[in-house]
Every structure is written in C-alpha cells, then in structure tokens.
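J.: Handing you this structure, nothing more for now.
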Amino acid sequence: MAAEYLEAFSEAHHDTPFLSYWRIQEDKSLLCTSYTRGAIWRLAQQAAHTLRSYGIAHGDRVTHFMTANRMEDVVFRVAAVLTGMVPVTVNWQADSLDRVKYKISSTGSKVVLVDEGVAEADVAALQQMDGVKVHRLSGLNGLEKDQNGDVTNGVNGPTVTGADDRMIIFTSGTTGNPKGARLTYHNYEVNRKTFESFLEVSPSTLLTVVLVNPFHHTNSTAVGDWAIRRPNTLLHVVERYTTPYWKVLSDAAESARLKETGNDWKVVAPMVSRHIDFLDGMFEGDAQALPVSQEKLRETLSHRQVIFLLGSAPVGPTTVGRLQRHLQGKLPTVRFGSTETCLQVMGTPLSLTPEGLVAAFRRGWEHTTPSGEPHKGYYIGRPHHPFTEVMVVKSLKDDPLVESAEGETGWLVCRGGNIMTGYANSPTHPFTADNWYTNLGDVGFWLMSADGGAKDIYWQSRDAALVIKGGANYACEQINEEIKAFVVKEYGLPEKAVAVASIGMKVQSEHEDDCCVCLELTTDEAKARQQDIQATFIQRAKACKMISKGSKPDRLLIDHIPRNFKGAISLPDLQDKFKAALGS
1 MAAEYLEAFS EAHHDTPFLS YWRIQEDKSL LCTSYTRGAI WRLAQQAAHT
51 LRSYGIAHGD RVTHFMTANR MEDVVFRVAA VLTGMVPVTV NWQADSLDRV
101 KYKISSTGSK VVLVDEGVAE ADVAALQQMD GVKVHRLSGL NGLEKDQNGD
151 VTNGVNGPTV TGADDRMIIF TSGTTGNPKG ARLTYHNYEV NRKTFESFLE
201 VSPSTLLTVV LVNPFHHTNS TAVGDWAIRR PNTLLHVVER YTTPYWKVLS
251 DAAESARLKE TGNDWKVVAP MVSRHIDFLD GMFEGDAQAL PVSQEKLRET
301 LSHRQVIFLL GSAPVGPTTV GRLQRHLQGK LPTVRFGSTE TCLQVMGTPL
351 SLTPEGLVAA FRRGWEHTTP SGEPHKGYYI GRPHHPFTEV MVVKSLKDDP
401 LVESAEGETG WLVCRGGNIM TGYANSPTHP FTADNWYTNL GDVGFWLMSA
451 DGGAKDIYWQ SRDAALVIKG GANYACEQIN EEIKAFVVKE YGLPEKAVAV
501 ASIGMKVQSE HEDDCCVCLE LTTDEAKARQ QDIQATFIQR AKACKMISKG
551 SKPDRLLIDH IPRNFKGAIS LPDLQDKFKA ALGS
C-alpha cells in the first residue's frame, strides 16, 4: 500500500515541483517557499529518523499539535508512510488544552509534535504527561539540522498495508468527548479513486490543489493525501485564510492553464460557503481591497477546469447567485461526506450542463410536499459508483433498512471502501450487518433526476435538527427560514435584525416534539420590539398561513443563539438553554 506514495516520490519525480507553502507575514502579505518532490522526500526521511529516535515504531500514534497549516505537517504525514506511525489531529481552532490532552491520552500517542505557535505553558503541561514525549518543530531549518547521522538508514522501504491506520481524525464532538475515526490506507486509496472519478481526473491530468481549510479537518487531510500520493500534482498550502488567498488561487489557475495547452488540467480548491461570502464582500465593497483585480479574478477563476469544491454547509441560492454574478456564471461543485468517510460520499456531477445543475439546485430549493407545503432541500449530488453507495431510509432502527419514498424526509446512510474501520477511543460500531454506515447524522430526501437516470440526493439538516410531529419529520433549517420570514413581515423588521434557531424537544409528550424557537434580536430597532414579540409571537405565528403546519412554534425564547466554531448552531447548547428556561 506504500507503493503509490513511494512511486510519487521516486527518483523520476525528484525534480518535479510539488509543494508551495504560503506563510502569512506581519504585514498580512504571503511569503511563498516552494519544494520539489525530492526536497520533501529528503525532509520526510529526516522526519522519519526523528520519530525513530523517540522509539516510534509501526502502528504507534503521534499527535500533530499545530496552530495553523504548516509545511512540517505535510512532511510528517509523508514520514508516516516510511515509519508506519499514525498521525492524530488536534483542532487548533477549537480544542482547549484539556481537549488536546484527552486526544493524546485516549489514542495512546507516544509523541506530540508542537509547532512554534503553541504556548509555552501548554508545552510545559504536555511535558508532564506520563509516557509522552514532546518534539518542538522549528520550521524547515530546524528539521534540516535534526539529522544525527545517516538519515537514509531509517528508511526501510514499504512498511504499511491497506489495513493499517493512515490517520486518526477526531469528530467535532458537540456532545461529550469527540471520537477519533480510524481511517486506513485502503480508505484513502478508495478516496483517491473516488476523487478522480468524481472530478474527472485522469493519470495524464495536470492537477493543482489549493488548500486553505485547516489540515486538522478531514477535508484538507483527504485532498492533501490525494496530492501527496499522486504524481503530476502541485500542492499549494496556505497557512490560514487571508484575503491574498484569492491571488494565490488566481495565479495557480493561470499557471496551470498556461502550462497545459490542451484542456487536460484541473485546479481543485476545497472551500466552504463562507469563503464565497468573503469573495462577495470584496467584489461588492472597495475594489482596492482585492489582492488582484476583479477582471483578473473573472478571467482566471471562471474557467470550468477551476473547481470550487464546496462542502461542510448547505449551498443555497445566495452562494450560487454570488458565484454566477461575480465569476461569469460559474457554479460550485458540491461535495458531501463526513470525517468517518475520509470526506467524499457524493457530489454534484461534472457531467451536468450548467443549466442542468442550476435546475437540480432549484428543484431542491422549491420542493414542496404533496399538500403544497414547503419542503426545501439542498442538492448534494449523487454517490460515486462503484466506490460509494448512498440511501435515504425511513428509520435507522429498521433491520434491514427501508428506503424512503421519493421526496420523503429520511436519514442518509452510506457504504463503501472509504469508510472508517471504527473509532480509536470508542466501542461504538455504527454499521448494519450489511455494512451500511448509519452515523452520518444527516437527513434529506431523494428525487429522480430530470432525465430519470439517477436519484439526486437533497440535504435538509442534521438529524438532531428535526422536529417530529404527527409521525412526520420536519427539518429545522426549513422551520428557521419560515419563522424568520414571518418575523420580518409581521413585525416590520429588516432581515439582518433577527436570527432564528429551532429545535424539537419532547416537553408535553413522549413521542411528539414541541417546536422550540429561539429568536436573537441583533439591532436596537429589533430589541425595542422585544416585549411586543414576546407577548404576541406564538399566537400570531400559529394563526399565520405563511408558516407551514410543521413549522408552527410551541415555545419561544428570545436570547443569544449559541454557535460552534464553524458558525453553525450548537444544538446541544440550544437545548440546554431551553431546558433552563423550562426549568427542567
């Protein structure tokens, strides 16, 4: 299984450009340092020697405690192939020191790699952990000096098999301790095949990958591993998101187009909808704030070979509209998956025409129930046969699972060779007897494609974000939109003045949810109406015909809406707020 990696870094490719690392300077500009595959291979050999000097052997776990995307992180992930060690991720955006220590201890990590941004007090605390050694990374120069002899003696050729763990990546852990998904070399081999099928990348394709999402996420890990193991691939890694990222992406696209005179090239830029918000702000605001002219961005990024690979949040009409408006009708390529699936389970097919893709998006946004009530969904595409399978099912408790009817809300399940073997720190085994993975935690529905040849999948919400009434499931995302539209119209407030979050809680019944709505009033104008809203909201909303049956509110709380580090509503914290308000 190491053969793919070893081939990518073989002598034949040593002089091939591979990694461009973009570091943020004090003046917010980006400084680029570039490496050939041969240079990264030599650094990986040195890193492998360092690991072995700590006694790290095949199968041992090493925690990567970074505070940003680092070049060294890439190097040690290559070194993992040489040593058989297993990298463990730390969420540098959200993890407290206690959470970091939990990840180290629960995975049995023997060494912790810490970068220059980790606080001295945190390093000292880690050094007090029994059986744990801390290795400080000091950039390229420090790695080059850390040789202590003939480093090539530490490389013994292929050491890993498909069944060996490649990575342990922790889930977000919104409730209790997070789980560490064990993802194998075989999982990532299937991940590569899935990407190349999905994004129409052939062995001859000049592939450029531009990463700005954090490396501790499954997103950058999966796409980065693809770039590491694939020859004819250029990898750009940006330390963290900053406005000049758009110049990096623009220049990478222009360079790829000029190098490949035909059309056999792709630039893949994984991102989230929030990045499109930033881009829109620059286009709509001061043109001087752009790191490159609007004309240049349109010229380089509107090409169909430049793929904006969006995931992690629903892609709605606002995001699609902004891309089309600013980049000459460009459309996103939507991907869907989870940490436990390496990343990729399904996506919007490149084979669809722009008109066909827009139509598929709209079918979800405008979907209604047979009785005419809004039943919105966000198009997330189709599975990637033969590598992944997806089904929308009536219940996760059925054995065997029963597929939902067309247009009916159900739970998303999947299976394929890209799905984890289990968790490093939990006995949970969320698989059916016939290998369907049941812990995606998402709900949606399917519709037959316009040409009748495939089932298109539409995402609605996380499964915890459901209100269950009368035996039917109602997505909180839909409820939030209906309630917000009602508040804006009923109380004469601008859209920006109110935010809405809903949750289903069994308050009066064992089997029926109350629809609990939290309103956050964000402007002085809205706050001045708080007493009126508090007194009249439930009665007016229940009488309002613009709110569908499943979205009728039963409980109201006017308060701050809790959110996680991604900006998504934190349902456990929202539930706690309602429990406190209800006195339970």
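Numbering follows the UniProt record's numbering, in which position 15 of the sequence shown is assigned residue number 15; successive positions increment by one, without gaps.
Backbone N, C-alpha and C define an ideal beta-carbon position, used for all residues, glycine too.
Report yes if the C-beta distance between Val248 and Leu199 is below 8 Å; otherwise report no.
T.: It is not a contact, given that the beta carbons lie outside the stated cut-off.
J.: Give the straight-line distance between the Cα atoms of Pro332 and Arg37, rounded to the nearest whole angstrom.
T.: So the two alpha carbons sit approximately 31 Å from each other.
J.: Where does Ser20 land, buried or exposed, given buried means 16+ other C-beta within 10 angstroms?
T.: Label assigned to Ser20: buried.
J.: Could you tell me whether the segment 330 to 345 touches the segment 365 to 372, where touching means 3 or more Cβ pairs closer than 8 Å?
T.: The answer is no - the segment 365 to 372 does not touch the segment 330 to 345, with fewer than three Cβ pairs under 8 Å.
J.: Tell me the rounded alpha-carbon separation between Lys496 and Lys552.
T.: Going by the C-alpha atoms only, they are around 22 Å apart.
J.: Rounded C-beta distance between Thr205 and Lys259? I'm assuming under 8 Å.
T.: Thr205 to Lys259, Cβ: 12 Å. No contact.
J.: Identify whether residue 586 lies in helix, strand or coil by the three-state DSSP scheme.
T.: Nothing can be reported for residue 586: it is not among the residues displayed for the chain, which extend from 1 to 584.
J.: Would you give the residue range spanned by the alpha helix (DSSP H) that Phe578 belongs to?
T.: Looking at the DSSP string, the run of the alpha helix (DSSP H) that includes Phe578 is 571 to 582.
J.: Confirm, please, whether the CB-CB distance from Thr63 to Val88 is below 8 Å.
T.: Yes. Within cutoff.
J.: Which residue comes first and which comes last in the alpha helix (DSSP H) that contains Trp246?
T.: It spans 245 to 259 - the alpha helix (DSSP H) in which Trp246 sits, taken as one unbroken run.
J.: For Phe9, is the beta carbon positioned less than 7 Å from some heavy atom of the ligand NAP?
T.: The ligand NAP is absent from the structure shown, which contains no ligand whatsoever.
J.: Look up Asp456 in the DSSP assignment and say whether it is helix, strand or coil.
T.: DSSP places Asp456 in strand when its eight states are reduced to three.
J.: Excluding the 5 residues flanking Glu7 on each side, which residues of the same chain have their C-beta closer than 6 Å to its C-beta?
T.: Cβ neighbours of Glu7 beyond the five flanking positions: none.
J.: Going by DSSP in three states, Cys518 sits in which element: helix, strand or coil?
T.: Of the three classes helix, strand and coil, the one that applies to Cys518 here is strand, per DSSP.
J.: Go through its chain and collect everything with a Cβ distance to Glu408's Cβ below 7 Å, but skip five positions before and after it.
T.: The residues are Phe445.
J.: Which stretch, first to last residue, makes up the alpha helix (DSSP H) that contains Asp277?
T.: Segment 273 to 284, the alpha helix (DSSP H) holding Asp277.
J.: Rounded to the nearest angstrom, how far is the Cβ of Leu309 from that of Arg335, given a contact under 8 Å?
T.: Going by Cβ atoms, the distance from Leu309 to Arg335 rounds to 6 Å, so yes, they are a contact pair.
J.: Pull up the DSSP beta-bridge partners for Trp411, would you.
T.: Val393, Val443.
J.: Measuring straight from C-alpha to C-alpha, what distance separates Leu440 and Gly337?
T.: If you take the alpha carbons of Leu440 and Gly337, they lie about 8 Å apart.
J.: Lys469 lies in the beta strand (DSSP E); which residues open and close that run?
T.: Segment 466 to 469, the beta strand (DSSP E) holding Lys469.
J.: Which residues does DSSP pair with Leu31 in a beta bridge?
T.: Answer by DSSP bridge pairing, in chain order: Arg23.
J.: For Ala181, name the three-state secondary structure that DSSP assigns.
T.: It is a strand residue.
J.: Does the Cβ-Cβ distance between Arg136 and Val111 come in under 8 Å?
T.: Going by C-beta atoms, Arg136 is not nearer than 8 Å to Val111.
J.: Can you give me the C-alpha to C-alpha distance between Lys193 and Arg70, rounded to a whole angstrom?
T.: Each residue's alpha carbon lies about 26 Å from the other.
J.: Look up Val134 in the DSSP assignment and say whether it is helix, strand or coil.
T.: Note: Val134 maps to strand in three-state DSSP.
J.: Look at the Cβ atom of Asn232, then the Cβ atom of Cys342, and state whether they are nearer than 8 Å.
T.: Not a contact, by the Cβ cut-off of 8 Å.
J.: Let's see if you can read the secondary structure: which residues bound the alpha helix (DSSP H) around Ile503?
T.: Note, Ile503: premise wrong, no alpha helix (DSSP H); beta strand (DSSP E) at 498 to 505.
J.: Using the rule of at least 16 other Cβ atoms within 10 Å of the residue's Cβ for burial, across every protein chain shown, is Phe18 buried or exposed?
T.: Classification for Phe18: buried.
J.: Name the one or two DSSP bridge partners that Asp559 has.
T.: In the DSSP output, where bridge partners are listed per residue, Asp559 has none listed.
J.: In angstroms, rounded to a whole number, what distance separates the CA positions of Ile479 and Asp514?
T.: The straight-line gap from Cα to Cα measures roughly 13 Å.
J.: Should Arg362 be labelled buried (16 or more other beta-carbon atoms within 10 Å of its own) or exposed?
T.: So Arg362 ends up on the exposed side.
J.: Going by DSSP in three states, Met448 sits in which element: helix, strand or coil?
T.: Reduced to three states, the DSSP call for Met448 is strand.
J.: For the structure I just gave you, are there three or more beta carbon pairs, one from the segment 371 to 378 and one from the segment 387 to 394, closer than 8 Å?
T.: No: fewer than three Cβ pairs fall under 8 Å.
J.: Do Ser250 and Leu301 come within 8 Å of each other at the CB atom, strictly closer than that value?
T.: Contact flag set, yes.
J.: Tell me the residue span of the beta strand (DSSP E) that contains Arg382.
T.: Segment 378 to 383, the beta strand (DSSP E) holding Arg382.
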